[in-house]
Amino acid sequence: LKAIENDSGGWDVPGTTLLGVQSINWTLDYPCESYHGNDYDLRIENWVPSHDGYLTTGDNEDSNGCRIDQLSATGQDGRNGLLDENNNPVTAVKDEWVIGIASTEIPWIGAAKLFFSPPPSASYVTDKTWTMLIFVIASILVAPSVVEAFQSKQSTEEE
Numbered sequence: 001l002k003a004i005e006n007d008s009g010g011w012d013v014p015g016t017t018l019l020g021v022q023s024i025n026w027t028l029d030y031p032c033e034s035y036h037g038n039d040y041d042l043r044i045e046n047w048v049p050s051h052d053g054y055l056t057t058g059d060n061e062d063s064n065g066c067r068i069d070q071l072s073a074t075g076q077d078g079r080n081g082l083l084d085e086n087n088n089p090v091t092a093v094k095d096e097w098v099i100g101i102a103s104t105e106i107p108w109i110g111a112a113k114l115f116f117s118p119p120p121s122a123s124y125v126t127d128k129t130w131t132m133l134i135f136v137i138a139s140i141l142v143a144p145s146v147v148e149a150f151q152s153k154q155s156t157e158e159e
């Protein structure tokens, strides 16, 4: 979700009906589950951005789940959310701060990158992801032998 300050001083949110609003209120189609087992959609409540930018959320349910990094955007105390290096609540991510964009890759290979990253990166990776990474690596190593055996069998049958 991106907020853009418009010429009249309000906020626009591309992809929504929000144009020229003083504060941003929006319910995202992002299902969450409360501690009491009730399902709800992630809500942005009375968010007044300090500058143009994106709201972000981690994709690891064990470490982040349905929490927006900029927690104050959900109507909660931002000090309980993600903090920057100066212990201040993080703000919307500006376009110029983005140095890379996610791209398609073989599933679970990203975990290998985290393994070689400085701590605590790898500690956030789930056990299931490590298991699947091992299966991917094993498949890559075994695949050439399987293909070679299959091709060898076909060439023997043709003779």
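For the sequence shown, the positions run 1 to 159 when my numbering is used. All residues carry an ideal CB built from backbone N, CA and C; glycine is no exception.
Bounding residues of the alpha helix (DSSP H) (the contiguous stretch that carries residue i)
i      : result
Lys128 : Asp127 to Glu158
Ile109 : Ile109 to Phe115
Beta bridge counterpart(s) of residue i as assigned by DSSP
i     : result
Pro31 : Asp41
Ile68 : Thr57
Pro89 : Leu83
Asp12 : Ile4
Trp47 : Ile24
For residue j and residue i, believed in contact at Cβ under 8 Å, the rounded distance
i      : j      : result
Gly15  : Asn6   : Wrong, their Cβ atoms sit about 15 Å apart, outside the cutoff.
Val147 : Trp108 : Going by Cβ atoms, the distance from Val147 to Trp108 rounds to 22 Å, so no, they are not a contact pair.
Leu141 : Val125 : About 21 Å separates the two Cβ atoms, so there is no contact after all.
Thr57  : Arg67  : 7 Å
Option in the options with minimal Cα separation from residue i
i      : options                          : result
Val98  : Tyr30, Pro119, Met132 and Gly53  : Gly53
Ser50  : Val146, Ser152 and Lys2          : Lys2
Ser23  : Ala122, Asn46 and Glu105         : Asn46
Met132 : Gly110, Pro89, Lys153 and Gly100 : Gly110
Cys26  : Asp127, Asp12 and Ile106         : First, the residue type needs correcting, since residue 26 is Trp and not Cys in the sequence shown. Trp26 has its Cα closest to that of Asp12, out of Asp127, Asp12 and Ile106.
Leu18  : Leu82, Ser72, Val48 and Ser123   : Val48
Ile4   : Ala92, Gln154, Asn88 and Ala149  : Ala92
Thr74  : Leu55, Glu157, Asn87 and Asn86   : Leu55
Thr129 : Pro144, Ile106 and Ser145        : Ile106
Endpoints, beta strand (DSSP E) assigned at residue i
i    : result
Lys2 : Lys2 to Glu5
Classification of residue i by the beta-carbon crowding that lies within 10 angstroms, buried from 16 upward
i      : result
Ser117 : exposed
Asp29  : exposed
Asp84  : exposed
Asp95  : exposed
Ser121 : exposed
Ser139 : exposed
Asp77  : exposed
Gln151 : exposed
Ser123 : exposed
Ser72  : buried
Gln154 : exposed
Asp39  : exposed
Asp203 : Residue 203 is absent from the model: the chain starts at 1 and stops at 159.
Asp41  : exposed
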